[in-house]
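Single-structure report; data block below.
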Amino acid sequence: MAQPGGAEPRAPRPRRRAAARGRLRAQPPARAGPFAREPGVTPRASQRHDVGRAGPAVPEMALSDSVATCLSPPVHYVICELGFEKKDTYDINNILSENGEVRWQAVTEHVCYCESDQNVDYIKSIRSLGPVCESVNLHFKSLTKEQFVIQYALWLRWTNCTELFLEIFDVLQYTQATEVALGLMKLTSCLERALGDVYLLIDKDCPFLLRDLLASKQLAVVFGQAVMNVLRIFIGSPYGLNLRNVLWHGFASPQEIPAKYCAMLLFLTAGLGQLLQAYLLQTKCVLVHRPYVIFTSLEEFEVFPDLNHEALSIAEELVKLSSFVLKTMLPFWMAALTAFKQNRYADCVILLLPQLEAGLRLLFTTTNKCPNRLLTAEPSALYTTFDEMLAKYLENDKVNQLPAVLEEPAMEFLWDFLNHQEGPRIRDHLSHGEINLEAFPREVANQIVAFAITLLCRFSDKDMFAFKEHMVIKPLMNCASCYCSQFHPISRLKKRVLECMKSIHLWPELPAVPEEQVQTIKGLEGNTEASTLIFMISEILSQLQQYMPRDCCNSDDQINSVLTERLVIELCDTRICTLYSPRPVLEILVVLRKISTQCHQVSEQVIASTELRYKQWMNKTLRSRQRHNYLRMLNSIKFLSLVLRLILVLTALELVNIHSVCKKNPSDYQQYLKFLKSVLQYTEKLVTYTSPEKNKWDETVELTNKALIKIRKISDRKLMLMQLAT
1 MAQPGGAEPR APRPRRRAAA RGRLRAQPPA RAGPFAREPG VTPRASQRHD
51 VGRAGPAVPE MALSDSVATC LSPPVHYVIC ELGFEKKDTY DINNILSENG
101 EVRWQAVTEH VCYCESDQNV DYIKSIRSLG PVCESVNLHF KSLTKEQFVI
151 QYALWLRWTN CTELFLEIFD VLQYTQATEV ALGLMKLTSC LERALGDVYL
201 LIDKDCPFLL RDLLASKQLA VVFGQAVMNV LRIFIGSPYG LNLRNVLWHG
251 FASPQEIPAK YCAMLLFLTA GLGQLLQAYL LQTKCVLVHR PYVIFTSLEE
301 FEVFPDLNHE ALSIAEELVK LSSFVLKTML PFWMAALTAF KQNRYADCVI
351 LLLPQLEAGL RLLFTTTNKC PNRLLTAEPS ALYTTFDEML AKYLENDKVN
401 QLPAVLEEPA MEFLWDFLNH QEGPRIRDHL SHGEINLEAF PREVANQIVA
451 FAITLLCRFS DKDMFAFKEH MVIKPLMNCA SCYCSQFHPI SRLKKRVLEC
501 MKSIHLWPEL PAVPEEQVQT IKGLEGNTEA STLIFMISEI LSQLQQYMPR
551 DCCNSDDQIN SVLTERLVIE LCDTRICTLY SPRPVLEILV VLRKISTQCH
601 QVSEQVIAST ELRYKQWMNK TLRSRQRHNY LRMLNSIKFL SLVLRLILVL
651 TALELVNIHS VCKKNPSDYQ QYLKFLKSVL QYTEKLVTYT SPEKNKWDET
701 VELTNKALIK IRKISDRKLM LMQLAT
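Here's what the structure looks like:
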């Protein structure tokens, strides 16, 4: 998963907060226009129903050959024609001084405003800036790399990505369309990150959306409102060129992005650096760059086998044949595979993610019989992105047919890698410049490319049987067909339960004081309470036996440690629906996850304390009171091990039946939630009592007794989910 490495957090993301409260079906947020929504996926979700394996037949996707553009006529006009209408030759010296500084006043003079409300007139402004952009492009082409470095490198340092911008200069020399588009995507994401750093000079909560960042008063204080208006013409406004979004969402083909706009943004970025330097000198502020997000636990990403050269060669053939690929986008696909071969993993994923979106949009519009949604819309209308495609319902409240066609494993993969808060959220982090592109891990890129290959095979009008059965492709298809979510709260709970059980499994191996030494301690009496607790645990397990898998409950000794471990492992292997979890499910998951986390902490504390006290005992460094306390601890952990195992078994059984919570009436639901919170409170107190600071081992007896009584009471009343499901 991704960790921010100590970075100062961004502003709270409203849609993310909503997700934390529970994904309920709701009206989508208001949007300013088709490009207003930034990359990042938080689909609207409502009550979970199984996505049928025998869903609708895969639709024919013959459109992929016939689609000439994914830009609607007005958007195509704005991006591809409007800036070329004025044929004037613009003198670069008008906007560039002799010492290489940007003449911002001359640039901002090309921004036109509406007479009625003084808002930016984007159409007139783009038309006016067209010759300026061309002049900048020609200027860069006239420079050698050394000249560019001398004149501009200093002014690009504020981005913390100087080398990237120097690479973009190289790209502009050859004007290879795919590389220009890639450079523009990287430029806009890094520019956004740098502008966010500048924003934090003035305020704490950096806006999540680029359009809000560019419209902020904070950046206007640093750069001036007129300068920010220039930027908004190119990126961040649905009424302007909006180059960032049409590229990141997979609407623009390589040929549809004029290189001169990339050149202009490179030029403007250097100009911003000049303005920022003046501001920093005046205010004596220091610009601090936030640390990059770092992907940790990469082993969790390794679902598909490593792609070798043969697999990539077959993928290149698939790209040319598959109906999943829009033919206008073919250069992006080929460039992505080439980048992977060249170990440019960030470039590969940046190129591939928008094309996955474009291919899924083609499938989405075909499946839901809305071909008009394939195109970008006007600024006043919605457009189709991952947000809607991964949702259960369409905007008109009809059921989205795409999940049934993709099937559950593919949907879970997309949610895992794009959306779940504890997952990598690759598109979010990449598109907002939060990842060090030079250090992008191969493991992540491998998963995205492998998943894309399976979609190329699955969704095509041509016979792909030979490809699917190929010895290097078949393992990919098998992995894709049985993928289970790794980052949904259900999956994270399973992982935590297994980690906790593994920790408790170490207890019998902990060093213990020889029995003859224990008997020499006066005042330590046998603990009958511990025996009583063990009996109660055994009783409860016997009650729950009927709800356990048969092969795990064929023994009379339900308290056997090996048995409970095997039981928990088998329960956690059970596939549980994760798509579109309703609020009650998410609320219960939150409490169960907290319980398992507390249990794990108790186990780790017991292990640490036992090892430390044993060492001190053997070294004879314990005082009399400490020796008694140590022996009380040894006595307590006999039943603590069992009660923690019981809680883990209960957690696993309830998790397997988690969706039964939706059957409860409001009163029973509240009682059940109250019960779980009481178990949570018990585990929290256990954490306190077993901590090195407290060492209250005797108190754990009475505490555990009360908790077991509550568990038995709820079991007797049959309020548990496992009992409701039968």
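Just so you know, the sequence shown maps onto residues 1 to 726 in the UniProt record's numbering.
Beta carbons are placed, not taken as given, at the ideal position from N, Cα and C, and that holds for glycine.
This structure is a prediction, so every number in the text was calculated from the model and none was measured.
A direct Cα-Cα distance of roughly 10 Å separates L476 from C457. In the three-state scheme derived from DSSP, where H, G and I count as helix and E and B as strand, L510 is classed as coil.
As computed with DSSP, L96 is found in a beta bridge with V102. About 16 Å separates the beta carbons of E443 and L353, which is beyond the 8 Å limit, so they are not a contact pair. In this structure T269 touches T159 by the C-beta definition: roughly 6 Å separates them, less than 8 Å.
DSSP places Y90 outside both helix and strand once states are collapsed to three, so it counts as coil. Between the region 473-487 and the region 527-546, the count of Cβ pairs shorter than 8 Å is below three; the stretches do not touch.
According to the DSSP assignment, H628 belongs to the alpha helix (DSSP H) that extends over S624 to V656. With a cut-off of 8 Å on Cβ pairs, the region 667-683 is in contact with the region 582-595, counting three or more such pairs.
If you check the CB distance, V656 and T564 do not come in under 9 Å. Take H505, set aside five residues on each side of it, and the residues of its chain with a beta-carbon closer than 7 Å to its own are E565, in chain order. Contact annotation: the region 137-157 touches the region 270-290, with at least three C-beta pairs closer than 8 Å. A straight-line Cα-Cα distance of about 14 Å links I576 and P582.
Taken atom to atom, the span from the alpha-carbon of W104 to that of V227 is near 7 Å.
Residue nearest to H470 within the set F324, F208, G236 and L312 is L312 (criterion: CA-CA distance).
Under the 10 Å beta carbon count, T610 is surrounded by 16 or more other beta carbons and is classified as buried.
The beta carbons of H289 and A181 sit no closer together than 9 Å.
Assignment of beta-bridge partners to Y393 by DSSP yields V399. Here Y122 carries a helix assignment [DSSP, helix/strand/coil]. Here P254 is buried. Its C-beta has 16 or more other C-beta atoms within 10 Å. Residue range R583 to M618 is occupied by the alpha helix (DSSP H) that includes K615. The alpha carbon of D65 has as its nearest neighbour, out of F487, I534 and S460, the alpha carbon of S460. Within the same chain, Q218, V221 and V222 come within 8 Å of I202 by CB-CB distance, once the 5 residues on both sides are set aside.
For L418, the closest of A410, M411 and R427 by C-alpha to C-alpha distance is R427. Closest option to Y580, judged by alpha-carbon separation, among K369, C662 and L708: C662.
Sixteen is the threshold: when 16 or more other Cβ atoms of the shown chains lie within 10 Å of the Cβ of E357, as they do, the residue is buried. Taking the CA atoms as reference points, T574 sits about 21 Å from L644. By the C-beta criterion, the region 127-143 is judged not to be in contact with the region 295-309, since fewer than 3 inter-stretch pairs fall below 8 Å. Sequence-distant partners of L640 (beyond 5 residues in either direction) whose C-beta falls short of 8 Å from its own C-beta, in its chain, are V602, V606, L686, T690, T700 and T704.
Shown here for T175: same chain residues with a beta carbon closer than 7 Å to its own, the five before and five after excluded, namely A259 in chain order. Distances from the alpha-carbon of P489 to those of D387, S596 and T528 put S596 closest. DSSP places N245 in the uninterrupted alpha helix (DSSP H) bounded by L243 to W248. Using a C-beta cut-off of 8 Å, the region 665-677 makes contact with the region 716-726, since at least three inter-stretch Cβ pairs fall below that distance. Boundaries of the alpha helix (DSSP H) harbouring T188: A177 to Y199, taken from the DSSP string. Comparing alpha-carbon positions, the option among F84, V102 and I95 lying closest to I123 turns out to be F84. Distance from A466 to L307 at the Cβ level is roughly 19 Å; contact not present, criterion being Cβ atoms closer than 8 Å.
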